[in-house]
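Chains as they are written, first to last, in my numbering: chain F, 26 to 291; chain A, 7 to 406. Positions of the beta carbon are idealized from the N, C-alpha and C atoms, including for glycine. Remember, predicted model here, so these are calculated numbers, not experimental data.
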């Protein structure tokens with residue numbers, strides 16, 4: 026059984042700062058990492074692989090040539106092979122063009138897949154759209170916000186514990202299906218030295234625009250329905266009152282007075 | 007493709023400094039773009055010499071003009087009877103009214119619901135001209151396939167110019183599915199919407215964890231579709247007594263079309279399952295609360311103020327509170343009347359999730375903490391010491 030995991034290389038956005046003078050992102054020293062939600066998806070795939078026989082994991086990414094790094098990391102974490110979809114023609118792709126390219130690559134390179142796992146969203150774009158869009162293009166049922174992913178005993182269905190507003194729902198869908206993974210109880214694993222060595226013997230295939238059966242006008246910016254017309258820093262925040270060097274009791278009194286003034290306490 | 011006119015380029019490097027992706031550099035004295043370019047257009051905007059351009063597709067205005075009206079998916083609160091919309095729907099109607107007026111078109115609410123009673127008056131009272139009601143027993147509870155099929159039928163038949171969805175878990179689940187089926191542009195998690203001089207919807211959203219904002223258009227196909235963050239726009243509620251045109255939209259749907267089934271529901275008890283999205287008062291804790299046990303102090307204060315407790319990603323990762331209570335970019339966007347941030351440093355990912363709160367009080371030991379920039383009142387101190395004293399003062403006041 027083949028599981029496809031889609032992954033994305035992202036800047037570590039928690040460390041991204043805005044230059045107060047120019048209002049643009051300071052890039053120096055910002056690391057590129059495997060998107061954490063993608064890592065959870067991969068972790069679910071590895072758990073399935075470890076619990077039932079005959080499972081192989083293909084990890085797929087689309088990006089510039091250096092996105093290969095996240096494939097290597099994924100191979101270290103337990104994937105069996107990597108697919109790097111890279112071509113200048115893919116640049117500027119919005120979620121639709123990205124999903125179309127990924128879906129076509131999955132269809133072309135891993136035609137016998139049974140389960141597609143993706144992160145619920147990437148921490149740079151935060152759209153959460155690529156998973157459902159791939160599912161629609163491939164004609165698969167989808168389950169979003171998965172925190173536990175398992176196969177049923179017949180291995181014909183996937184059973185997913187889904188995070189919902191009121192708690193959790195357990196949902197089943199027949200394979201092939203697509204699941205987007207949010208966090209849940211999964212603990213991120215660090216690869217061992219042996220994992221790192223093993224990863225070196227695994228294959229990474231490179232897919233370019235010519236390998237896909239898509240007309241050029243459906244790729245990258247040309248194939249995108251949405252276009253970014255302006256990028257700008259977030260609006261400045263309001264000015265405020267900052268009280269320092271108060272004893273705890275005095276601080277509580279100040280806050281109490283403020284709450285009273287604003288009528289939150291009568 | 008980013009086109010560089012080397013004759014016009016003065017090598018002033020302004021574009022290099024403004025590229026969010028580090029894709030531009032001077033190579034051998036001339037400007038060079040590498041494979042990191044995502045064609046975001048930041049460089050084109052800042053170039054004063056017109057040396058940079060991006061080739062974009064064009065659409066015929068006649069074709070686009072056939073699509074009319076602003077449609078809002080009226081997500082139902084499945085707990086109510088008769089069914090009422092969630093609060094975000096009213097927020098979208100308020101914003102939708104503005105957009106529809108600018109376009110000179112109709113504002114339409116689209117209800118997908120089961121056979122039970124549905125409150126339709128509320129849509130007129132919040133500015134809609136019309137409500138389209140799609141009813142089927144399979145629409146009584148949400149399913150990706152059921153809702154996708156019916157929404158696609160409505161859009162294909164009615165040809166709206168704009169479709170807005172609340173960026174709720176269900177909205178974010180099926181809006182991309184609809185977009186992919188009908189080949190539509192979709193912009194996620196918008197915080198700003200306006201109509202430009204060309205009659206296009208300009209959608210503004212945060213990216214890079216809220217570090218930059220991007221304005222996005224859908225120039226050559228219709229409808230233009232967006233999911234919109236809850237608690238960003240105000241609830242209108244100013245058309246009380248307005249009448250509403252109700253249209254029943256015929257639905258064909260069979261069970262086989264719905265390919266997922268719920269086999270078990272594990273809902274949290276009411277107290278810990280209470281929604282932070284609609285709370286009037288939120289007391290939120292961060293790493294500065296030091297340990298899970300201290301959150302009881304916050305819970306107590308929240309109770310006394312008639313609110314709920316929430317927290318930052320840091321304490322969700324510690325397992326101190328469930329993810330459903332996380333405020334921020336990867337959690338829930340909240341917009342309460344009062345937000346008290348206790349021991350929260352104020353990373354931008356957190357701030358984007360609470361910056362529409364009306365009043366913010368922040369308590370943190372670090373006078374440099376970023377949260378103070380967002381606060382109406384900032385107090386430098388230990389939240390664990392201050393919060394119980396404050397709770398006691400409120401208690402004393404209430405009993406005197």
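Contact set for residue i: own chain, Cβ-Cβ below 7 angstroms, skip 5 residues either direction
i	result
residue 354/A	215, 216, 217
residue 148/F	35, 38, 60, 61
residue 66/F	30, 142, 143, 144, 206
residue 58/F	35, 37
residue 248/A	130, 131
residue 373/A	386
residue 196/F	168, 185, 187
residue 48/A	24, 25, 26
Nearest candidate by alpha-carbon position, reference residue i, set the options
i	options	result
residue 256/A	286/A, 227/A, 120/A, 135/A	120/A
residue 187/A	135/F, 96/F, 84/F, 124/F	124/F
residue 250/A	24/A, 371/A, 135/A	135/A
residue 301/A	155/A, 283/A, 393/A, 91/A	393/A
residue 259/F	182/A, 41/A, 221/A, 205/A	221/A
residue 364/A	345/A, 311/A, 123/A, 47/A	345/A
residue 81/A	236/A, 17/A, 25/A, 366/A	236/A
residue 254/A	124/A, 23/A, 351/A, 111/A	124/A
residue 110/A	319/A, 73/A, 87/A	73/A
residue 270/A	192/F, 97/F, 217/F	192/F
residue 232/F	110/F, 77/F, 158/F, 286/F	110/F
residue 154/A	366/A, 177/A, 196/A, 71/A	177/A
residue 357/A	261/A, 140/A, 38/A, 319/A	319/A
residue 160/A	173/A, 185/A, 172/A, 179/A	185/A
Element boundaries [beta strand (DSSP E), containing residue i]
i	result
residue 29/F	27-32
residue 161/A	No beta strand (DSSP E) holds residue 161/A; the alpha helix (DSSP H) holding it covers 150-164.
residue 355/A	Not the beta strand (DSSP E): residue 355/A falls in the alpha helix (DSSP H), residues 354-360.
residue 345/A	344-348
residue 206/F	202-206
residue 77/A	76-79
residue 195/A	192-196
residue 162/F	Where residue 162/F is concerned, there is no enclosing beta strand (DSSP E), although the alpha helix (DSSP H) it sits in stretches over 155-163.
residue 384/A	383-386
residue 228/F	228-232
residue 7/A	Per DSSP, residue 7/A belongs to no beta strand (DSSP E) and is neither H nor E.
residue 106/F	106-110
Chain-order list of residues whose beta-carbon lies under 6 angstroms from that of residue i (same chain, five-residue window excluded)
i	result
residue 142/A	257, 259
residue 9/A	59
residue 347/A	290, 368, 377
residue 169/A	77, 229, 231
residue 194/A	233
residue 202/A	208
residue 33/F	60, 63, 147
residue 290/F	284
Start and end residues, alpha helix (DSSP H) containing residue i
i	result
residue 100/A	93-109
residue 145/F	Note, residue 145/F: premise wrong, no alpha helix (DSSP H); not H, not E.
residue 281/F	273-286
residue 305/A	301-310
residue 262/A	Per DSSP, residue 262/A belongs to no alpha helix (DSSP H) and is neither H nor E.
residue 130/A	127-131
According to DSSP, residues forming a beta bridge with residue i
i	result
residue 219/A	257/F, 212/A
residue 233/A	171/A
residue 140/A	118/A, 255/A
residue 166/F	In the DSSP output, where bridge partners are listed per residue, residue 166/F has none listed.
residue 146/A	Note: residue 146/A sits in no beta bridge, so no partner.
residue 273/A	192/F
residue 289/A	315/A, 346/A
residue 82/A	91/A
Supposed contact pair residue j and residue i - C-beta distance, whole angstroms, cut 8 angstroms
i	j	result
residue 97/A	residue 212/A	So it is not a contact: roughly 17 angstroms between Cβ atoms.
residue 317/A	residue 332/A	6 angstroms
residue 244/F	residue 122/F	6 angstroms
residue 14/A	residue 57/A	4 angstroms
residue 349/A	residue 294/A	2 angstroms
residue 265/A	residue 198/F	6 angstroms
residue 46/A	residue 55/F	Wrong, their Cβ atoms sit about 16 angstroms apart, outside the cutoff.
Nonlocal neighbours in the same chain, by C-beta distance under 8 angstroms from residue i, ignoring five residues either side
i	result
residue 228/F	106, 107
residue 99/A	78, 113, 115, 129, 132, 133, 134, 242
residue 315/A	288, 289, 290, 291, 301, 304, 305, 308, 327, 331
residue 234/F	112, 114, 115, 241, 244
residue 20/A	52, 53, 54
Near the ligand GDP: residue i beta-carbon under 8 angstroms from a heavy atom
i	result
residue 314/A	The model depicted lacks the ligand GDP and carries no ligand whatsoever.
- Between the region 70-99 of chain F and chain C, which residues of the former have a C-beta closer than 8 angstroms to a C-beta of the latter? Any reference to chain C falls outside this structure, whose protein chains are F and A.
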